[in-house]
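Structure first, then comments.
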Amino acid sequence: MNKLRIAIQKSGRLSDKSKALLKECGINIPDSKKTLKVKAVNFPLEVLMLRDDDIPQYVQDGIADLGILGENEVVEKNKDIRIARALGFSKCRLCLAIPKKDIPTYDIEGIKWFDGKEVATSYPNVLKECLKEKGVQVKIHEIGGSVEIAPTIGLADGIFDIVSTGATLLNNGLEEVETLMKSQAVLIANKDLDTDKQQILDDLLFRIDAVLNAKNRKYVMLNAPKNKLEEVIAILPKVKSPTIMNLRDDNWVAIHAVMTEDEFWEVVRPLEKIGATGILSVPIEKIIPRIA
Ligand code: ATP
Ligand code: MG
């Protein structure tokens, strides 16, 4: 039987989350520390553990049909592949940063400060693309890691790198001045999948969508006096028709609704105020998207 091959990061920030997503999709992958190729038990999928840098090439060449990696790496490698889904995890931004002492001049000149300057980065292509749009030209020093050290050791005037908390920048006397790209993990696919493989990909995407849809939503249950029902419904986020159930006590009803975490915190106090009780929220595993 035909199988899809998916390449995920062997070890690094994306590996656990990539495996977790497949697991949430109900795909069982035997745990293996040593083998770099494992077959899923209950889905026609084979998983290759690779360095994330190599994944775009493998997917372009059809060695793997799919891959999970950061959008930043996809843009950097610029291979002939397609992005099948944004996966919503490993969100980060790629920023320009400069030594603190240069901030006053930067504040006056803005991004033009970089014109003719030297910038150290592991993402030369992303940097080139982003600066082209802004009409700024820099000399790029490509380095594999520890980019933050470059200005201190006299290798470059500034850096372009992934920033999460900014703590590493701070420790190296640098300050972030521009975000040039926002990134998250994406599922990439080979452009010429045959019909069988495309069918398996469609099944996988159906599962991924159900998981992603559920991620930020809660199943909320509450009890309210029957005579407050309309008020409760007015407070709840708009749904076509909330679930209402009778309780043993004729004067009370139970109401169930699905909402985001933010919506939950917005409605919980107003609901309490009008007399709702037993308000609780539980996580949802999957939501099958409604077909438009
Ligand atoms: P190497 O290839 O040397 O193992 P890498 O930078 O490619 O290093 P990771 O550090 O594991 O590998 O990062 C993988 C991806 O995770 C990055 O390409 C980026 O998309 C994302 N990422 C990196 N740093 C962060 C962060 N601090 N927060 C969230 N996502 C991040
Ligand atoms: Mg890498």
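Counting from 70, one number per residue, gives the positions in the sequence shown under this note's numbering.
Even for Gly, the Cβ is constructed at its ideal location relative to N, Cα and C.
Assumed close pair residue i, residue j - CB separation to whole angstroms, cut-off 8 Å
i, j, result
"Tyr192", "Leu163", "6 Å"
"Ala254", "Phe112", "That pair is no contact at about 20 Å."
"Ala279", "Ile357", "5 Å"
Span of the alpha helix (DSSP H) around residue i
i, result
"Lys342", "Glu330 to Lys342"
"Tyr175", "Ile172 to Glu178"
"Leu37", "With the chain covering 70 to 361 only, the question about residue 37 has no answer from this structure."
First and last residue of the uninterrupted beta strand (DSSP E) at residue i
i, result
"Ser252", "Leu243 to Ser252"
"Arg154", "Arg151 to Ala155"
"Gln268", "Unbroken run through Gln268 is the alpha helix (DSSP H), Thr264 to Lys284; no beta strand (DSSP E)."
"Ala189", "Glu187 to Thr190"
"Val301", "Premise fails: Val301 lies in the alpha helix (DSSP H), Leu298 to Ile304, not in any beta strand (DSSP E)."
Inter-residue Cα distance where the pair is residue i and residue j
i, j, result
"Leu365", "Leu196", "What the structure shows of the chain is the stretch from 70 to 361, and residue 365 is not part of that stretch, so it cannot be assessed."
"Ala166", "Ser215", "14 Å"
"Thr37", "Leu200", "Since the first residue of the chain shown is 70 and the last is 361, residue 37 is not available in this structure."
"Lys40", "Leu262", "Any answer about residue 40 is impossible in this case: the structure gives the chain only from 70 up to 361."
"Ile277", "Asp271", "10 Å"
"Lys342", "Ser84", "45 Å"
"Asp100", "Gly81", "16 Å"
"Val289", "Leu273", "28 Å"
"Leu119", "Asn240", "32 Å"
"Lys266", "Glu142", "24 Å"
"Asp122", "Glu330", "35 Å"
"Leu138", "Trp334", "33 Å"
"Met328", "Gly344", "20 Å"
"Ala219", "Lys251", "23 Å"
"Ala155", "Glu140", "9 Å"
"Thr385", "Gly95", "In the structure displayed, the chain extends from 70 to 361; residue 385 sits before or after that span and is not available."
Residue i (DSSP reduced to helix, strand or coil)
i, result
"Leu138", "strand"
"Gln129", "helix"
"Asn292", "strand"
"Thr221", "coil"
"Glu354", "coil"
"Thr237", "helix"
"Lys92", "helix"
"Ile72", "Residue 72 is actually Lys in this sequence, not Ile. Note: Lys72 maps to coil in three-state DSSP."
"Lys160", "coil"
"Val144", "helix"
Residues near residue i by beta carbon distance below 8 Å, same chain, minus five either side
i, result
"Pro311", "Ile302, Leu305, Ile324, His325 and Ala326"
"Asn194", "Val144, Glu145, Lys146 and Asn147"
"Gly235", "Glu245"
Chain D within 8 Å of residue i, Cβ atoms only
i, result
"Cys199", "As a matter of chain content, chain D is missing from the structure shown, which is built from one protein chain."
Cβ shell of residue i (< 6 Å), same chain only, five flanking positions each side left out
i, result
"Gly136", "Ala76, Ile124, Val128 and Ile257"
"Thr174", "none"
"Glu332", "Pro306"
"Ala133", "Arg74, Ala76, Leu117 and Tyr127"
Proximal residues to residue i (C-beta, below 7 Å), its chain only, five neighbours per side dropped
i, result
"Glu244", "Ala166, Ile167, Lys169, Ile172 and Leu238"
"Asp309", "Note that residue 309 is Lys in the sequence shown here, rather than Asp. Excluding positions up to five away in sequence, the list is empty."
"Ser233", "Cys161"
"Gly227", "Leu165, Ala166, Ile167, Phe183, Lys186, Val188 and Pro220"
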